[in-house]
């Protein structure tokens with residue numbers, strides 16, 4: 556399967572969420588599996604749990620459970636590729652325009668971009684860096700997080716979770732990981748019902 560015939564992933568979004576996490580674009584493996592951040596080396600689900608956004612480490616097929624926590628997932632560019640570096644600048648810019656239109660309708664409190672490159676390129680923000688941004692998109696405040704890809708050696712797991720936790724605190728969300736006993740957390744992850752999500756785009 557290649558980018559031209561791979562399915563597109565559904566957004567995990569709703570109106571008025573606390574935080575929508577914005578990836579660059581889906582990887583081919585995630586597109587084939589029909590779920591976001593489904594490649595084994597991606598640390599997104601671990602970072603969400605260790606930072607307190609989720610009470611236990613969700614599996615990719617449990618992604619829609621994020622909505623019950625006031626969280627969502629989307630991407631700048633909808634088309635899957637093997638690597639984000641395969642995208643053209645025009646694809647980023649068009650994706651940024653499309654994202655802005657979608658988010659103006661959904662009005663999340665925070666848009667959290669997963670990586671400086673995506674935000675910088677899509678919106679031509681030359682001084683973008685990890686952390687809160689001065690600009691707003693629609694009615695949403697903007698935060699840039701490190702890319703959770705396992706290839707991002709600049710942020711080991713502890714540092715990655717710490718950056719995610721900074722956003723959680725700024726968004727005034729509770730530490731759900733601290734509220735869940737470790738043994739119960741692992742059991743809940745094993746026993747959680749499987750949620751099927753069709754990739755229909």
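Residue numbers (the working numbering): 556 to 756. In this text, a Cβ means the ideal position worked out from N, Cα and C, and glycines have one as well.
Paired residues, beta bridge with residue i - DSSP
| i | result |
| --- | --- |
| residue 695 | 692 |
| residue 669 | 700 |
| residue 687 | 698 |
| residue 634 | Paired residues: none, contrary to the question. |
Limits of the unbroken alpha helix (DSSP H) element including residue i
| i | result |
| --- | --- |
| residue 766 | No answer is possible for residue 766: it lies beyond the span of the chain, which begins at 556 and ends at 756. |
| residue 661 | 644–661 |
| residue 613 | That residue, residue 613, is in no alpha helix (DSSP H); it is neither H nor E in DSSP. |
| residue 605 | 599–605 |
| residue 640 | Premise fails: residue 640 is in no alpha helix (DSSP H) and is neither H nor E. |
| residue 585 | 583–588 |
Residue i vs residue j beta-carbon contact at 8 Å
| i | j | result |
| --- | --- | --- |
| residue 666 | residue 567 | no |
| residue 635 | residue 580 | yes |
| residue 687 | residue 717 | no |
| residue 703 | residue 597 | yes |
| residue 619 | residue 600 | no |
| residue 670 | residue 701 | yes |
| residue 621 | residue 632 | no |
| residue 677 | residue 648 | yes |
| residue 646 | residue 719 | no |
| residue 607 | residue 573 | no |
| residue 627 | residue 569 | yes |
| residue 758 | residue 609 | Here the chain comprises residues numbered 556 to 756, so residue 758 is not present and cannot be evaluated. |
| residue 588 | residue 615 | yes |
| residue 732 | residue 605 | yes |
| residue 586 | residue 563 | yes |
Endpoints, beta strand (DSSP E) assigned at residue i
| i | result |
| --- | --- |
| residue 630 | 626–630 |
| residue 568 | Per DSSP, residue 568 belongs to no beta strand (DSSP E) and is neither H nor E. |
| residue 575 | 574–578 |
Expected contact under 8 Å - CB spacing of residue i and residue j to nearest Å
| i | j | result |
| --- | --- | --- |
| residue 691 | residue 697 | 6 Å |
| residue 693 | residue 655 | 6 Å |
| residue 699 | residue 714 | About 15 Å; that fails the 8 Å criterion. |
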